[in-house]
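Taking it in order: structure first as structure tokens, then the write-up.
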Amino acid sequence: MKESTRVMLLRVVLGVWMLYTVFFTVTLLFFAQAMFESLVPGERFTSAAELLSLLAGTMTFTWAVAGWFAFRAPTQRLGLLKALAAAMGILGVVGLYADTVLAKLPFEQGPLWDILVLVLFAATVALYPRGQRES
10 MKESTRVMLL RVVLGVWMLY TVFFTVTLLF FAQAMFESLV PGERFTSAAE
60 LLSLLAGTMT FTWAVAGWFA FRAPTQRLGL LKALAAAMGI LGVVGLYADT
110 VLAKLPFEQG PLWDILVLVL FAATVALYPR GQRES
């Protein structure tokens, strides 16, 4: 595969990652109670749940910003690209476990999104520019 094609595809993957993380950031920061009630109906939305949602939203936004920096120059920010790939892999596996085993969510409500993250992880690893040094 030509290097220009690889970089273009990597930017597409990072663009999808940014859209995904921004979507979840907005949901966690501004619609925390609605998201909580849809995931665990019947449970009370407490200040602790709101705090955890705000923290998760902030961390998710941080990964969106990291995705933006990597998107702008993926071949020059290889360390950041590795960190993003690691985050995608960890978030995908832990999310899939939490959504299927612990929460037992319907496929479209949780596991579908976790599988998307794992696909982005696999694509990032496959498209990673090997043999290059960070400039």
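In terms of my numbering, the sequence shown opens at residue 10 and continues consecutively. Cβ atoms here follow ideal geometry from the backbone N, Cα and C, with glycine treated the same way. In this text the structure is predicted, and so the values were computed from the model without any measurement.
Write down the C-beta distance between residue i and residue j rounded to the nearest angstrom, noting that I regard them as a contact closer than 8 Å.
| i | j | result |
| --- | --- | --- |
| residue 45 | residue 58 | 6 Å |
| residue 136 | residue 22 | 7 Å |
| residue 6 | residue 133 | Nothing about residue 6 can be read from this structure; the chain reaches only from 10 to 144. |
| residue 62 | residue 37 | 5 Å |
| residue 42 | residue 54 | 5 Å |
With distances taken from CA atoms, which of the options is nearest residue i?
| i | options | result |
| --- | --- | --- |
| residue 105 | 35, 70, 121, 42 | 121 |
| residue 84 | 26, 35, 16 | 16 |
| residue 52 | 138, 10, 112, 141 | 112 |
| residue 18 | 82, 60, 39, 40 | 82 |
Measure the Cβ-Cβ separation of residue i and residue j and say whether it is below 9 Å.
| i | j | result |
| --- | --- | --- |
| residue 92 | residue 26 | no |
| residue 130 | residue 94 | yes |
| residue 78 | residue 24 | no |
| residue 87 | residue 142 | yes |
field: Cβ pair count under 8 Å reaching 3, the segment 83 to 100 against the segment 121 to 128
entry: yes
field: Meets three-Cβ-pair contact criterion under 8 Å: the segment 62 to 81 and the segment 46 to 53
entry: no
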